[in-house]
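Here the structure comes first, spelled out in structure tokens, and everything after it is commentary.
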Amino acid sequence: MLSCYLRNSDVDGARLFFQQMPIKDIASWNTMVSGFAENGIMEEAEKLFSAMPERNTVSWNAMISGYVENSRSEDAVKLFKSMIESRVEPTPLTLTSVLLGCSNLSALILGRQIHQFVYKSPLYRDTTVGTSLLSMYCKCGVLEEAWKLFLEIPRKDLVTWNSMISGYASHGLSQLALALFDKMMTREKLKPDWITFVAVLQACNHVGLVDLGMHYFESMQKDYKVEAKPEHYSCMVDLLGRAGKLKEATNLISRMPFKPHAAIYGSLLGASRIHKNMEMAEFAARNLLSIDPTNAAAYVQLANVYAVKNKWGNVSKVWQSMKKNNVVKTPGYSWIEIKNVVHEFRSGDKEHPELAAIHEKLDELEEKMKVAGYEPVLEYALHDVGEGEKRKLLLWHGEKLAVAYGLLKVPRGLPIRVFKNLRVCGDCHQALKLISSLEKREIVVRDSTRFHHFKHGNCSCGDYW
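Under this note's numbering, the residue at position 261 of the sequence shown is numbered 364, and the numbers go up by one with no gaps.
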């Protein structure tokens, strides 16, 4: 009965059902908290959790995992701290949830603190906990720690191997990812699952290994009897598209055994933007919007293609269409963690308390880069304004602001780690390569697609992303 109320988002019915229950032991309270959390009704879950006459580990776990699953990782981390302060012993499920929250927030410092906590407890040899720590380090850009943990985990299951393969793939270390995949099958005799092949195809994608990617895609189905899912097709469309094989990508879409979902056309649209193919971008955007009319990325990507072609009338029509359909653009922002505090930056940021020092640092970097021969890639300033204004807009992109702040605050010898919710722009990519050389600093940037490690004037992606 309770699940029926929750499935239909009948909060009043669920609340009344609970009030009429003859016995309200802790298990009943936990069922209600879990039910609301799992159905995304976090306000009700919070009210019940606060009102509970007593709580056990299950109560805390339900709330922490609920926060993470409902994109409220910061609240999950805060509640975990309260749990520890209340002297409630965490379980593997607790740590798995909060470490996923750390990954979402790129909260490396807290992740390290949890690692130290685990190291002193019997949970250190737990495979699930060890794998969660490994995954957190991969997603926070610290592969050395992830690999060390991988070697230390005494009983590695398939999830452990998948996490490490995926970690290498997301950092562009495709050869290491594929070598580990081969070792998993030949030495450990573990059978790969669909998640394994997503990681393998991503490894191929990040370095443009089209033929090898196609081999794995076909072998997955023929030799390992793993059914191709939408995630695999998205990888293949992205792999073909980024390699410039846009026609082959559309042919693959037409042969899919199920109706294409939004991510498929999103991958094709992203590839069309990279190759500045306006006709293909229009095709992908049209199909994407027919599936998801409120997909802001479709409008933005299409507008970007028009902007690169200087078709500002078309750009204006796209923005008007967004406004007409009440579609809100996802704002791009970057963030950096300094002494356990996360600092966010948006393009043209005017709110950070140390903005004057950041701008001074950027001006200094701009002069150094000019001497070194740097010229801004103006096509990434997607506004119909003069060249001088475009240069200023590019200089104040979120990732550059975050890196400049990192140069001011992160001690020499330590990498500057910046995270971005969208794909890093081409001009910032060029600039950060040069800054890493001029400042003699390692800069690690995780964007929505992958990691970029800038060092000595080069990027780990080899300019293919």
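All residues carry an ideal CB built from backbone N, CA and C; glycine is no exception. It should be emphasised that the depicted structure is a prediction, and the values quoted were computed from it without experimental measurement.
Same chain, Cβ closer than 6 Å to residue i, neighbours up to 5 away in sequence not counted
i: Ala280; result: Ile268, Tyr271, Ala272, Ala306
i: Cys241; result: Ala249, Gly270
i: Ser200; result: Ile167, Ser168, Val171
i: Asp128; result: none
i: Gly347; result: His378
i: Pro363; result: Ile356
i: Ser176; result: Gly204, Asn207, Leu208
Distance, residue j Cα to residue i Cα
i: Ala410; j: Val418; result: 6 Å
i: His335; j: Ser424; result: 32 Å
i: Glu157; j: Val521; result: 41 Å
i: Lys543; j: Glu490; result: 30 Å
i: Tyr319; j: Val232; result: 30 Å
i: Leu535; j: Met317; result: 33 Å
i: Met288; j: Met323; result: 13 Å
i: Glu141; j: Val180; result: 18 Å
i: Asn390; j: Thr299; result: 29 Å
i: Ala374; j: Glu382; result: 12 Å
i: Arg290; j: Arg258; result: 14 Å
i: Leu342; j: Ser563; result: 18 Å
i: Pro333; j: Glu321; result: 15 Å
i: Leu510; j: His455; result: 16 Å
i: Leu252; j: Leu182; result: 26 Å
i: Ala459; j: Val191; result: 45 Å
i: Thr234; j: Thr263; result: 5 Å
i: Tyr567; j: Trp297; result: 25 Å
i: Asp395; j: Lys427; result: 15 Å
i: Ala154; j: Trp438; result: 36 Å
Beta-carbon separation (whole angstroms), residue i vs residue j, contact threshold 8 Å
i: Val340; j: Ile377; result: Not confirmed; about 13 Å, so no contact.
i: Ile519; j: Val506; result: 6 Å
i: Leu211; j: Glu469; result: With a Cβ gap of about 29 Å, Leu211 and Glu469 do not count as contacting.
i: Tyr402; j: Val431; result: 10 Å between Cβ atoms; not a contact.
i: Ser277; j: Ser238; result: In fact, because the Cβ distance is near 19 Å, the residues do not count as touching under 8 Å.
Residue burial classification, residue i (beta-carbon count within 10 angstroms, cutoff 16)
i: Arg553; result: buried
i: Phe152; result: buried
i: Ser185; result: exposed
i: Val572; result: Lying before the first or after the last residue shown, residue 572 is absent from the chain, which here runs from 104 to 568.
i: Ile393; result: In the sequence as presented, Ile is not what sits at residue 393; that position holds Ser. Exposed: under 16 other Cβ atoms inside 10 Å.
i: His555; result: buried
i: Gly560; result: exposed
i: Ala130; result: exposed
i: Gly451; result: exposed
i: Leu497; result: buried
Chain-order list of residues whose beta-carbon lies under 7 Å from that of residue i (same chain, five-residue window excluded)
i: Cys531; result: His500, Glu502, Lys503
i: His218; result: Leu236
i: Ser137; result: Ala165
i: Asp260; result: Thr230
i: Lys471; result: Leu541
i: Asn354; result: none
i: Lys558; result: Ser539, Glu545
8 Å Cβ shell around residue i - same chain, five flanking residues per side excluded
i: Gly565; result: Gly275, Val310
i: Ala89; result: Since the displayed the chain opens at 104 and closes at 568, residue 89 lies outside it and no answer follows.
i: Lys412; result: Lys379, Met381
i: Val313; result: Cys307, Leu342, Leu343, Ala346, Lys348
- [ ] Could I get the ranges of all uninterrupted alpha helix (DSSP H) runs contained in the stretch 294-351, with 4 residues as the minimum, in chain order?
- [x] Qualifying alpha helix (DSSP H) stretches, in chain order: 297-308, 313-325, 333-345.
Open item on the list: Which complete alpha helix (DSSP H) runs does the stretch 499-551 hold, if anything under 4 residues is left out?
Closed with: Taken in chain order, the unbroken stretches of alpha helix (DSSP H) that lie wholly in the stretch 499-551 and span 4 residues or more are 501-512, 529-541.
Open item on the list: To test your reading of the DSSP string, which unbroken alpha helix (DSSP H) runs of 4 or more residues are found completely within the stretch 351-385?
Closed with: 365-377, all fully within the stretch 351-385.
- [ ] Note down, one range per segment and in chain order, each alpha helix (DSSP H) of at least 4 residues found wholly within the stretch 157-240.
- [x] List check, alpha helix (DSSP H) in window: 160-172, 176-188, 195-208, 211-222.
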